[in-house]
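**Q**
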Amino acid sequence: MCFIAIVIDARYENVNVKSDWWETALFYQIYPRSFVDSDGDGIGDINGIISRLDYLKELGVDATWLSPIFKSPMYDFGYDISDYYTIQPEYGSLEDFEQLIKKANELNIKIILDIVPNHTSNESEWFLKSSNKEEYYNNWYIWENAHIDNYGRRKPPNNWVSVFRKSAWSYMPSRDQYYLHQFSESEPDLNYRNPVVAEEMKNIIKYWLEKGVAGIRLGSINYLYETDKDVFGGHFPDEPLTGKSGLGPDDYDYLDHMYTKDQEETYDIVSQFREVFDSITLRDNFTRVMMTVANTGIKNAVRYYGDSIHSGVHIPVNNALINEITKESDARDIKYVIDRWLSYKPLGKHANWVTGNHDTSRVASRFRPELVDAFNMLVLLLPGIAFTYMGEEIGMVNGFVPWVETKDPLACNTDDPVNFIEVSRDPVRTPFQWSNGKNAGFSTADKTWLPVADGYESLNLATQRSTVRSHYQVYRTLTNLRKRHAFRLGRYESLALNNEVFAFKRWYNDDTYIIVMNVGKSYQVVNLTAFDLIFGQLEVEVSSVLSSRTYSENVLANFLDLSADEALVLRMQI
Ligand code: NOJ
Numbered sequence: 001m002c003f004i005a006i007v008i009d010a011r012y013e014n015v016n017v018k019s020d021w022w023e024t025a026l027f028y029q030i031y032p033r034s035f036v037d038s039d040g041d042g043i044g045d046i047n048g049i050i051s052r053l054d055y056l057k058e059l060g061v062d063a064t065w066l067s068p069i070f071k072s073p074m075y076d077f078g079y080d081i082s083d084y085y086t087i088q089p090e091y092g093s094l095e096d097f098e099q100l101i102k103k104a105n106e107l108n109i110k111i112i113l114d115i116v117p118n119h120t121s122n123e124s125e126w127f128l129k130s131s132n133k134e135e136y137y138n139n140w141y142i143w144e145n146a147h148i149d150n151y152g153r154r155k156p157p158n159n160w161v162s163v164f165r166k167s168a169w170s171y172m173p174s175r176d177q178y179y180l181h182q183f184s185e186s187e188p189d190l191n192y193r194n195p196v197v198a199e200e201m202k203n204i205i206k207y208w209l210e211k212g213v214a215g216i217r218l219g220s221i222n223y224l225y226e227t228d229k230d231v232f233g234g235h236f237p238d239e240p241l242t243g244k245s246g247l248g249p250d251d252y253d254y255l256d257h258m259y260t261k262d263q264e265e266t267y268d269i270v271s272q273f274r275e276v277f278d279s280i281t282l283r284d285n286f287t288r289v290m291m292t293v294a295n296t297g298i299k300n301a302v303r304y305y306g307d308s309i310h311s312g313v314h315i316p317v318n319n320a321l322i323n324e325i326t327k328e329s330d331a332r333d334i335k336y337v338i339d340r341w342l343s344y345k346p347l348g349k350h351a352n353w354v355t356g357n358h359d360t361s362r363v364a365s366r367f368r369p370e371l372v373d374a375f376n377m378l379v380l381l382l383p384g385i386a387f388t389y390m391g392e393e394i395g396m397v398n399g400f401v402p403w404v405e406t407k408d409p410l411a412c413n414t415d416d417p418v419n420f421i422e423v424s425r426d427p428v429r430t431p432f433q434w435s436n437g438k439n440a441g442f443s444t445a446d447k448t449w450l451p452v453a454d455g456y457e458s459l460n461l462a463t464q465r466s467t468v469r470s471h472y473q474v475y476r477t478l479t480n481l482r483k484r485h486a487f488r489l490g491r492y493e494s495l496a497l498n499n500e501v502f503a504f505k506r507w508y509n510d511d512t513y514i515i516v517m518n519v520g521k522s523y524q525v526v527n528l529t530a531f532d533l534i535f536g537q538l539e540v541e542v543s544s545v546l547s548s549r550t551y552s553e554n555v556l557a558n559f560l561d562l563s564a565d566e567a568l569v570l571r572m573q574i
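Residue numbers (the working numbering): 1 to 574.
(1) Where does Gln537 fall in DSSP's three states?
(2) According to the Cβ coordinates, are Leu53 and Leu100 closer than 9 Å?
(3) What are the start and end residues of the beta strand (DSSP E) that includes Ser51?
(4) Can the beta-carbon of Tyr551 be found closer than 9 Å to that of Ser543?
(5) Keeping to the same chain, check which residues put their C-beta closer than 6 Å to that of Ser494; ignore five residues upstream and five downstream.
(6) Beta-carbon within less than 8 Å of Asn295's beta-carbon, same chain only, minus the 5 sequence neighbours each way: which residues are those?
(7) Which class does Thr512 belong to by DSSP, given the choice of helix, strand or coil?
(8) Is the closest heavy atom of ligand 1 to the C-beta of Phe387 under 8 Å?
(9) Are the stretch 388–395 and the stretch 350–357 touching by the rule of at least three beta carbon pairs closer than 8 Å?
(10) Is the stretch 469–483 touching the stretch 369–376, taking contact as three or more C-beta pairs under 8 Å?
(11) When you compare each of Arg362, Glu264, Val452, Ser220 to Pro402 by their alpha carbons, which one comes out closest?
(12) Terminal residues of the continuous alpha helix (DSSP H) containing Ser131?
(13) Could you name the residues of the same chain whose beta carbon sits closer than 6 Å to that of Cys2, not counting the 5 residues immediately before and after it, in chain order?
(14) Within the present structure, is the beta-carbon of Glu187 separated from the nearest heavy atom of ligand 1 by less than 8 Å?
(15) At the level of alpha carbons, what is the spacing between Ala567 and Leu546?
(16) Quick one: what does DSSP say Leu180 is sitting in, helix, strand or coil?
(17) For the candidate residues Asn118, Leu556, Tyr28, whose alpha-carbon lies nearest to that of Val526?
(18) How is the alpha helix (DSSP H) around Glu95 delimited, first residue to last?
(19) Taking the Cβ atom as the reference point for each residue, do Phe646 and Ile115 lie within a distance shorter than 9 Å?
(20) Could you check how far apart the C-beta atoms of Ser186 and Asp80 are, in whole angstroms? I think they sit under 8 Å.
(21) CB of Tyr79 to nearest heavy atom of ligand 1: below 8 Å?
(22) Applying the criterion that 16 or more other CB atoms from any shown protein chain within 10 Å of the CB defines a buried residue, is Lys299 buried or exposed?
(23) Give me the DSSP bridge partner(s) of Leu190.
(24) Where does Asp278 sit, in a helix, a strand or coil, going by DSSP?
(25) Taking the alpha-carbon of Asn285 as reference, which of Pro249, Ser245, Gly243, Ala214 has the nearest alpha-carbon?
(26) Once the 5 residues before and after Tyr259 are set aside, which same chain residues still bring their CB inside 7 Å of it?
(27) Would you say His358 touches ligand 3, meaning its beta carbon is less than 8 Å from a heavy atom?
(28) If you draw a straight line from the alpha carbon of Ser174 to that of Gly248, how long is it in whole angstroms?
(29) With DSSP as the reference, label Phe367 as helix, strand or coil.
(30) Can you tell me whether Gly312 is buried or exposed, with buried defined as 16 or more other CB within 10 angstroms of its CB?
(31) Which residue from Phe432, Asn436, Asn398 puts its Cα closest to that of Ser424?
(32) What three-state label does DSSP hand Ala530 in the structure shown?
(33) Would you please state the rounded distance, in angstroms, between the beta carbons of Ile580 and Leu209? I believe it to be under 8 Å.
(34) For Ala530, which residues in the same chain have their Cβ closer than 7 Å to its Cβ, ignoring the five residues on either side in sequence?
(35) Please go through the same chain and pick out, in chain order, the residues whose beta-carbon is closer than 7 Å to the beta-carbon of Thr242, but skip the five residues on each side of it.
(36) Just verifying my parser: in three-state terms, what is the DSSP assignment at Phe487?
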């Protein structure tokens with residue numbers, strides 16, 4: 001007779017808590033242009049992504065969201081969409097995309113698309129027809145007559161400034177009118193006061209959900225509406241000045257955007273979009289997730305979770321760690337920014353955390369390379385949903401893209417070959433560093449669309465995979481850890497143990513963890529017994545790459561010395 005020993009591991013023990021797939025998911029952002037180039041043209045593509053799905057699986061991600069893959073003249077690298085129903089040919093075909101969904105399904109990786117509802121490309125057929133006043137499309141965009149000044153000169157209708165600097169209005173001779181573009185000139189804003197536009201956007205969402213995507217991200221959502229000009233006698237009013245020093249009329253922050261952002265109507269259109277997601281979710285019994293991005297104040301931001309009137313979205317992306325934590329921030333600032341989201345978020349809704357994306361300087365460059373593991377610990381072990389921008393798992397740094405090779409319209413709009421570097425987003429979009437081979441293993445082309453970042457010979461996935469201590473190894477251990485109940489379902493408490501050391505506790509029943517990180521530049525000693533029920537010894541589960549501690553080593557709760565940048569995940573001994 002043989003006996004089978006069944007060992008029940010309390011850390012994963014089955015509990016009767018139902019959670020939907022997205023509620024604690026890890027979403028990995030792919031910037032398709034820079035991930036993998038399968039056909040040697042120097043530009044990443046869908047087949048490239050397919051070829052690395054097994055890597056995503058190994059990394060432990062649940063879903064991947066792709067920056068826009070739709071037809072686009074690529075002035076803003078896909079965020080200027082000219083046809084929402086067609087895949088950009090240099091990325092592949094619809095068949096390639098269907099293949100991606102199929103292969104991803106086989107690996108149980110969900111695919112999320114990024115659709116831009118605020119504006120189209122100026123090369124979109126809709127815009128061309130609207131420019132020619134074709135009746136059906138006449139009111140699809142925000143068209144305004146010129147302001148004629150005292151000398152009879154034609155001027156933009158008002159003082160509105162685009163996020164990308166300079167007037168938010170561009171003149172279109174065919175209509176003898178200006179169109180509004182809150183971002184680049186190549187991105188005319190759609191007119192959501194025209195119900196036909198809203199209906200078309202719903203059709204687009206439905207089309208891609210029916211293709212089998214697990215969700216859609218809708219960016220710049222709080223720019224969808226401008227104020228109702230009828231309230232102002234048929235003219236859009238000037239925006240008031242912020243009075244911030246050192247800025248001129250071409251700078252976005254020169255104005256207070258009270259008429260061009262966060263308008264009340266936004267929450268209603270969001271609910272209407274949500275209905276499309278819900279109807280398909282209900283039919284298929286599989287949640288199609290709606291994500292939105294709104295860079296705005298906390299009270300507006302959490303309204304996207306919904307309220308008694310509006311249904312809201314599943315995931316209002318929380319950009320606080322990106323927008324508010326800087327090189328100068330200390331442990332208290334980190335605690336404050338995290339607590340604020342948790343405090344304002346409605347009870348029962350799910351938090352989410354993100355430290356990087358295609359618009360933001362990389363963690364290793366924004367802070368220091370030594371803090372990469374600490375920030376990955378934050379994102380992956382705080383309660384709720386986690387987002388990782390591709391390359392953050394290996395601690396990629398910003399590349400250097402000189403002015404002559406600069407592609408980002410935001411940088412080009414500065415007209416400044418010296419200071420463009422402060423705003424350029426090209427450095428965070430350089431190719432993924434797979435290996436120390438040609439073009440870091442990204443492409444076989446002689447020239448890639450953006451240059452590969454310096455230092456890829458040592459900073460690359462292949463090297464980190466074969467090294468015992470690397471950001472990649474830390475990241476993988478963390479994605480495994482996050483499957484435990486303490487992280488998926490557990491409670492949360494945090495402390496700034498002093499100005500430099502931030503720590504948080506996650507626990508579920510008697511499985512308890514302390515994540516502690518010294519974000520300062522000097523050696524620190526802290527006492528973890530400041531947390532309730534933390535005493536005696538704790539065991540190291542994960543340590544940052546440069547830490548002298550290793551797995552399963554014990555540390556004392558009441559006397560923990562931490563070197564600069566050291567970050568640890570500790571488990572309470574029972
Ligand atoms: C938001 C996107 O994240 C950014 O990359 C883009 O430039 C703007 N929208 C304008 O489309």
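Glycine included, each C-beta is placed from N, C-alpha and C at the ideal position.
**A** Reading off the structure:
(1) strand
(2) yes
(3) Under the DSSP assignment, Ser51 falls outside any beta strand (DSSP E), being part of the alpha helix (DSSP H) whose first and last residues are 46–51.
(4) Cβ atoms of Tyr551 and Ser543: closer than 9 Å.
(5) These residues qualify, in order along the chain: Lys335, Phe504.
(6) Asn222, Asn319, Asn323
(7) strand
(8) no
(9) yes
(10) yes
(11) Here the closest residue by C-alpha is Val452.
(12) 125–131
(13) The predicted model places Cys2 with a pLDDT of 42, which falls under 50 and marks its position as unreliable; any figure quoted below should be read in that light. Excluding sequence neighbours, Cys2 sits near nothing in its chain.
(14) yes
(15) Each residue's Cα considered, the two are about 9 Å apart.
(16) strand
(17) Leu556
(18) 94–106
(19) Residue 646 is absent from the structure shown; the chain starts at 1 and stops at 574.
(20) 5 Å
(21) yes
(22) exposed
(23) Tyr141
(24) Collapsing the DSSP output to three states places Asp278 in a helix.
(25) Ala214
(26) Glu226, Thr227, Phe236, Pro237, Glu239
(27) Although ligand 3 was asked about, the structure shown includes only ligand 1 as ligands.
(28) 31 Å
(29) coil
(30) buried
(31) Of the candidates Phe432, Asn436, Asn398, the one whose C-alpha sits nearest the C-alpha of Ser424 is Asn398.
(32) In this structure, DSSP gives Ala530 a helical state, which the three-state scheme calls helix.
(33) As shown, the chain starts at 1 and ends at 574. That puts residue 580 outside it, with no answer to give.
(34) Leu495, Leu497
(35) Asp253, Tyr254, Leu255, Asp256
(36) In this structure, Phe487 counts as helix in the three-state DSSP scheme.
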